[in-house]
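Heads up: the structure comes next, in structure tokens.
2 protein chains.
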Amino acid sequence: MIYSSELIKGTLKTIVLKLLADNKKMYGYEITQKVKELTLDKIQITEGALYPTLHALESDGLVTIETEYIGKRVRKYYSLSPSGKNKTKEKVSELADFMETMQFLLDIKTKTV
Amino acid sequence: MIYSSELIKGTLKTIVLKLLADNKKMYGYEITQKVKELTLDKIQITEGALYPTLHALESDGLVTIETEYIGKRVRKYYSLSPSGKNKTKEKVSELADFMETMQFLLDIKTKTV
DNA sequence: CAAAGATACATAAGTTTCCAATGTATCAGA
DNA sequence: TCTGATACATTGGAAACTTATGTATCTTTG
Numbered sequence: 001m002i003y004s005s006e007l008i009k010g011t012l013k014t015i016v017l018k019l020l021a022d023n024k025k026m027y028g029y030e031i032t033q034k035v036k037e038l039t040l041d042k043i044q045i046t047e048g049a050l051y052p053t054l055h056a057l058e059s060d061g062l063v064t065i066e067t068e069y070i071g072k073r074v075r076k077y078y079s080l081s082p083s084g085k086n087k088t089k090e091k092v093s094e095l096a097d098f099m100e101t102m103q104f105l106l107d108i109k110t111k112t113v
Numbered sequence: 114m115i116y117s118s119e120l121i122k123g124t125l126k127t128i129v130l131k132l133l134a135d136n137k138k139m140y141g142y143e144i145t146q147k148v149k150e151l152t153l154d155k156i157q158i159t160e161g162a163l164y165p166t167l168h169a170l171e172s173d174g175l176v177t178i179e180t181e182y183i184g185k186r187v188r189k190y191y192s193l194s195p196s197g198k199n200k201t202k203e204k205v206s207e208l209a210d211f212m213e214t215m216q217f218l219l220d221i222k223t224k225t226v
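So the protein sequences, as listed, match chains A and B. The opening residue of the first sequence carries number 1 in my numbering; numbering runs sequentially from there. The opening residue of the second sequence carries number 114 in my numbering; numbering runs sequentially from there.
Dropping the structure here:
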């Protein structure tokens, strides 16, 4: 089962930031594979969503880029900047809070009836 | 604190369906107030988001409408249709599953490091 | 009793954010 | 040699929401 795409909306940026916080340094393709692996294929980040997101994070100054060559192939490593680390904490705790609220909403029936 | 709006995206339809499942019969304005109340003002559904959503649910056959007049003022009550009840179960369990996955992703660090 | 705020519906224009499709190129294995 | 994986990127389009605006009624308060 793959989650319907609308659920990913609004969480992608947070997922990427969190992965970078946990892994110091990752490149785009690696991120897509890591998310796929960690979520047992239930979340698949498409490249059309990821790359614009990474570029946005960079232009917001939240990540820095190091380019490496593996043979002749380019690989761009992304790392959190100091402000990126702060932003990650904010986003993660906001999302955690939001999910707690949502879980309460979803469980209303069993809790109040 | 109010959640940044991108988090709501993709969950609104599920929230509305779930509220209707728990309360049998609600009207639009009531839904906005109920969500506000249950989430301690952290989720505020705007009318510009809610009414189109309700209309979409209706045209998908997931809800039925009863119109009432309170004095001269119209009030439209929404109820789940049979297929709406099934859809609610699907959407709620998908969202619950998604949030479990997300919580795992957010907690990776403390679980694996 | 007038004005403000709450109730209650609705739509339109604009933005954000993602998906699907497409493109380029390299590398590994059968 | 060709297929599939690796690795980047962009474009067009759809979906879902926000902001703004509109109409109208009812209630409360100075």
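No residue lacks a Cβ here, since even glycine has one placed at the ideal position from N, Cα and C. These numbers come from a predicted model, not from an experiment.
Separation of Leu167(B) from Lys138(B), as counted between CA atoms:
13 angstroms
Name the two residues that bound the continuous beta strand (DSSP E) containing Thr180(B).
Val176 to Ile183
DSSP beta-bridge partners for Leu80(A)?
Val63(A)
To the nearest angstrom, how far is the alpha carbon of Glu66(A) from that of Thr88(A)?
20 angstroms
Classify Gly123(B): buried if its beta carbon has 16 or more other beta carbons within 10 angstroms, exposed otherwise.
buried
Skipping 5 residues on each side, what residues in its chain have a beta carbon closer than 8 angstroms to that of Ser194(B)?
Cβ within range, chain order: Gly174, Leu175, Val176 and Thr177.
Considering only C-alpha positions, which residue in the set Glu90(A), Phe104(A), Leu40(A) and Gly48(A) is nearest to Leu17(A)?
Glu90(A)
Residues bridged to Met26(A) by DSSP?
Tyr78(A).
Grab the span of the alpha helix (DSSP H) containing Leu120(B) for me, first residue to last.
Ser118 to Ile121
Check the Cβ-Cβ distances between Leu130(B) and every residue of chain A, and say whether any is below 8 angstroms.
Chain A, which has no Cβ nearer than 8 angstroms to the Cβ of Leu130(B), makes this no.
Check the C-beta distance from Gly184(B) over to Leu163(B) and give it rounded, since I have them as a contact under 8 angstroms.
The Cβ separation is near 23 angstroms, so there is no contact.
Can you tell me the Cα-Cα spacing of Lys189(B) and Thr32(A), whole angstroms?
So the alpha carbons of these two residues sit roughly 45 angstroms apart.
When you compare only the Cα positions, how much space is there between Val226(B) and Leu132(B)?
Residue confidence for Val226(B) is low, a pLDDT of 39 falling below 50, so the modelled location carries little weight; the figure read from the coordinates is stated next. The C-alpha of Leu132(B) is placed about 39 angstroms away from the C-alpha of Val226(B).
Just the Cα atoms here: how many angstroms apart are Leu153(B) and Glu94(A)?
15 angstroms
Contacting residues, own chain, Cβ-Cβ under 7 angstroms from Gln44(A) (five flanking each side not counted):
Ile2 and Lys36
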